[in-house]
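In full-length UniProt numbering, the protein residues as written are 1 to 337.
I have placed the structure first, in the form of structure tokens, so that the comments after it can refer back to it.
If you want it as structure tokens, here you go:
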């Protein structure tokens with residue numbers, strides 16, 4: 001099968017950073033689906049792994065953790081899917097990625113694809129939708145009762161992949177006042193279109209930006225990028241006993257700054273359930289099922305930012321370069337081999 005992989009960690013402008021190769025087709029385990037990959041999307045995790053993880057023993061390392069495709073075959077213990085089903089999922093970082101013609105994945109972290117979307121549009125959703133859902137409802141424990149109107153959420157980096165779906169979930173399924181951050185006119189317009197009540201500029205001091213629009217403090221913060229750079233401002237912006245959730249990788253983080261206000265800290269990594277095969281691992285199947293229902297009902301929309309063409313090394317290198325520039329809007333998708 002065709003695949004895109006790397007043999008050593010290299011800068012993305014090096015043609016060897018991602019290469020077109022051939023690999024044997026994988027065999028599904030008892031609870032696995034064998035999926036024909038139709039479309040993928042690219043995430044910051046792809047660039048982080050490529051830059052920081054050296055393949056073992058000279059083996060090819062395949063990236064890619066956002067997939068839409070068709071089930072070719074199922075393992076002996078599979079009960080949720082059958083051959084021919086259209087599916088979408090984010091996979092597991094403990095296994096080979098999905099930048100390949102065929103991929104295997106545990107059925108418990110897979111959802112039936114939204115009926116109203118094509119493969120490229122569906123591939124934009126799984127990783128960011130699961131991350132946003134778990135961050136909002138599992139970690140920050142926001143209520144889905146829209147009648148609760150006395151809480152607010154600041155989303156730092158609202159125009160990115162996770163921010164684009166988190167903004168919609170918070171606006172459509174909760175009573176939160178949603179404030180997104182974006183630093184460029186184009187991305188600010190995108191965040192408003194997604195449903196944010198207000199947008200502020202994260203290139204400016206955030207607490208001052210909130211006061212500029214008449215908001216003294218917020219009850220919740222979802223910090224999706226540059227948490228270490230914004231930490232002091234986030235602590236100032238949060239109300240006493242507020243909640244700070246984050247998904248990025250701060251180089252340093254002084255938790256004692258949270259003590260005076262009794263702020264709680266919540267990490268979200270959507271791979272935790274699959275990495276440790278937690279007892280509630282199948283919850284990700286439930287989340288993707290709910291996301292598909294919300295998409296088909298018109299409550300949520302896909303977050304495709306750009307379509308980079310077919311799935312090959314050259315186009316994936318372009319996608320990695322754009323993500324590393326920090327200027328991506330929404331999700332980058334690729335489709336077909």
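Idealized CB from N, CA, C, for every residue including glycine.
Source: prediction; values computed, not measured.
For this session: Rounded to whole angstroms, what's the CA-CA distance from residue 314 to residue 5? Just pull it up for me.
Result: The residue you call residue 314 lines up with position 314 of the chain shown. The residue you call residue 5 lines up with position 5 of the chain shown. So the two alpha carbons sit approximately 12 Å from each other.
Problem set entry | Pair within 8 Å by beta-carbon distance, residue 224 and residue 157 | Within the chain shown, residue 224 is the residue found at index 224, counting from 1. Within the chain shown, residue 157 is the residue found at index 157, counting from 1. A contact, by the Cβ cut-off of 8 Å.
Exercise. Who pairs with residue 3 in a beta bridge, going by DSSP?
Worked result: The count along the chain shown starts at 1 and reaches residue 3 at position 3. The partner list for residue 3 (beta bridge, DSSP) reads 21 and 100.
Problem set entry | Cα-Cα separation, residue 395 to residue 66 | Residue 395 is absent from the structure shown; the chain starts at 1 and stops at 337.
Exercise. Terminal residues of the continuous alpha helix (DSSP H) containing residue 316?
Worked result: As a first step, residue 316 is located in the chain shown; it is residue number 316 there, counting from the start. Run containing residue 316: 313 to 325, per the alpha helix (DSSP H) assignment.
Exercise. Quick one: any contact between the region 206 to 215 and the region 185 to 193, if contact means 3 or more CB pairs under 8 Å?
Worked result: no
For this session: Compare the C-alpha of residue 38 against each of 142, 88 and 138 and name the closest.
Result: The residue labelled residue 38 in the question sits at position 38 within the chain shown. Nearest of 142, 88 and 138 to residue 38, Cα basis: 88.
Problem set entry | Cβ shell of residue 63 (< 7 Å), same chain only, five flanking positions each side left out | Start at 1 with the first residue of the chain shown, and residue 63 comes out as number 63. Result list for residue 63: 46, 49, 50, 97 and 99, in chain order.
Problem set entry | Where residue 173 falls: helix, strand or coil (DSSP) | Start at 1 with the first residue of the chain shown, and residue 173 comes out as number 173. Here residue 173 sits in helix by DSSP.
For this session: Could you check what DSSP says for residue 238 in three-state terms: helix, strand or coil?
Result: Position 238 of the chain shown holds residue 238. Correct three-state label for residue 238: strand.
Problem set entry | Pairwise C-alpha distance: residue 20 and residue 242 | Residue numbering aside, residue 242 sits at position 242 when the chain shown is read from its first letter. Residue numbering aside, residue 20 sits at position 20 when the chain shown is read from its first letter. Computed Cα separation, rounded: 48 Å.
For this session: Using beta-carbon positions only, say whether residue 125 and residue 291 come within less than 8 Å of one another.
Result: Looking up residue 125 in the chain shown gives position 125. Looking up residue 291 in the chain shown gives position 291. It is a contact, given that the beta carbons lie within the stated cut-off.
Exercise. Does the region 166 to 176 touch the region 307 to 326, meaning 3 or more C-beta pairs lie closer than 8 Å?
Worked result: no
For this session: Identify every residue that forms a DSSP beta bridge with residue 107.
Result: Taking the first residue of the chain shown as position 1, residue 107 is located at position 107. Residue 107 pairs with nothing; no bridge assigned.
For this session: Starting from the C-beta of residue 319, find all residues in its chain whose C-beta is less than 6 Å away, skip the five residues before and the five after it, and write them out in chain order.
Result: For the purposes of this step, residue 319 is taken as residue 319 along the chain shown, with counting starting at 1. For residue 319, where only same-chain residues beyond five positions count, the Cβ hits under 6 Å are 42, 308 and 332.
Problem set entry | Start-to-end residues for the alpha helix (DSSP H) that takes in residue 193 | The sequence position of residue 193 within the chain shown is 193, counting from 1. Taken as a continuous stretch (DSSP letters only), the alpha helix (DSSP H) holding residue 193 covers 185 to 193.
Exercise. What is the rounded straight-line gap between the Cα of residue 60 and the Cα of residue 15?
Worked result: Locating residue 60 in the chain shown gives position 60, where the first residue counts as 1. Locating residue 15 in the chain shown gives position 15, where the first residue counts as 1. C-alpha separation (whole angstroms): 15 Å.
Exercise. Is the beta carbon of residue 274 less than 8 Å from the beta carbon of residue 106?
Worked result: In the chain shown, the residue the question calls residue 274 occupies position 274. In the chain shown, the residue the question calls residue 106 occupies position 106. In contact: residue 274 and residue 106 (Cβ atoms closer than 8 Å).
Exercise. What runs of the beta strand (DSSP E), each 3 residues or longer, lie entirely inside the region 204 to 234?
Worked result: 218 to 223
For this session: Kindly give me the distance between the Cβ atoms of residue 35 and residue 72, rounded to whole angstroms, as I take these residues to be in contact under 8 Å.
Result: In the chain shown, the residue the question calls residue 35 occupies position 35. In the chain shown, the residue the question calls residue 72 occupies position 72. Yes, residue 35 and residue 72 are in contact; Cβ-Cβ is about 7 Å, under 8 Å.
Problem set entry | Range of the contiguous alpha helix (DSSP H) that encloses residue 68 | Counting from one through the chain shown, the residue named residue 68 turns up at place 68. Premise fails: residue 68 lies in the beta strand (DSSP E), 67 to 74, not in any alpha helix (DSSP H).
Exercise. What number of angstroms, rounded off, separates the C-alpha of residue 289 from the C-alpha of residue 114?
Worked result: Position 289 of the chain shown holds residue 289. Position 114 of the chain shown holds residue 114. Cα-Cα distance, rounded: 8 Å.
For this session: Could you name the residues of the same chain whose beta carbon sits closer than 7 Å to that of residue 324, not counting the 5 residues immediately before and after it, in chain order?
Result: Position 324 of the chain shown, counted from the first residue, corresponds to residue 324. For residue 324, where only same-chain residues beyond five positions count, the Cβ hits under 7 Å are 12 and 47.
Problem set entry | Extent of the continuous alpha helix (DSSP H) run through residue 285 | Taking the chain shown and counting its residues from 1, the one referred to as residue 285 is at position 285. That run of the alpha helix (DSSP H) goes 283 to 296.
Problem set entry | Residues sharing a beta bridge with residue 41, DSSP | For this step, residue 41 is matched to residue 41 along the chain shown. 333.
Problem set entry | Per DSSP, the bridge partner or partners of residue 253 | Within the chain shown, the letter at position 253 stands for residue 253. Paired residue(s): none; residue 253 is not in a bridge.
Problem set entry | Burial state of residue 94, where buried means 16 or more other Cβ atoms lie within 10 Å | In the chain shown, residue 94 corresponds to position 94, counting from 1. Classification of residue 94: exposed, given that the 10 Å Cβ count is below 16.
Exercise. Residue 308 lies in the beta strand (DSSP E); which residues open and close that run?
Worked result: Indexing the chain shown from 1 puts residue 308 at position 308. Note, residue 308: premise wrong, no beta strand (DSSP E); not H, not E.
Exercise. Terminal residues of the continuous beta strand (DSSP E) containing residue 88?
Worked result: Here the question's residue 88 lines up with position 88 in the chain shown. It spans 86 to 89 - the beta strand (DSSP E) in which residue 88 sits, taken as one unbroken run.
Problem set entry | Cβ-Cβ distance between residue 164 and residue 303 below 8 Å | As a working mapping, residue 164 is identified with position 164 in the chain shown. As a working mapping, residue 303 is identified with position 303 in the chain shown. Their beta carbons are under 8 Å apart, which means residue 164 touches residue 303 by this criterion.
Exercise. Run through DSSP, which three-state label would residue 162 get?
Worked result: Against the chain shown, residue 162 aligns to sequence position 162. In the structure shown, residue 162 sits in a helix (DSSP, three-state: H, G or I).
Problem set entry | Terminal residues of the beta strand (DSSP E) in which residue 83 lies | Counting from one through the chain shown, the residue named residue 83 turns up at place 83. That residue, residue 83, is in no beta strand (DSSP E); it is neither H nor E in DSSP.
Exercise. What does residue 36 pair with, by DSSP beta-bridge criteria?
Worked result: The residue given as residue 36 occupies position 36 in the chain shown. In the DSSP output, where bridge partners are listed per residue, residue 36 has 70 and 102.
Exercise. Which whole-angstrom value describes the C-beta separation of residue 186 and residue 301, a residue pair presumed to lie in contact below a C-beta threshold of 8 Å?
Worked result: Within the chain shown, residue 186 is the residue found at index 186, counting from 1. Within the chain shown, residue 301 is the residue found at index 301, counting from 1. Residue 186 to residue 301, Cβ: 18 Å. No contact.
Exercise. Going by DSSP, which residues form a beta bridge with residue 62?
Worked result: One-based indexing of the chain shown puts residue 62 at position 62. According to DSSP, which records beta bridges pairwise, residue 62 is partnered with 5.
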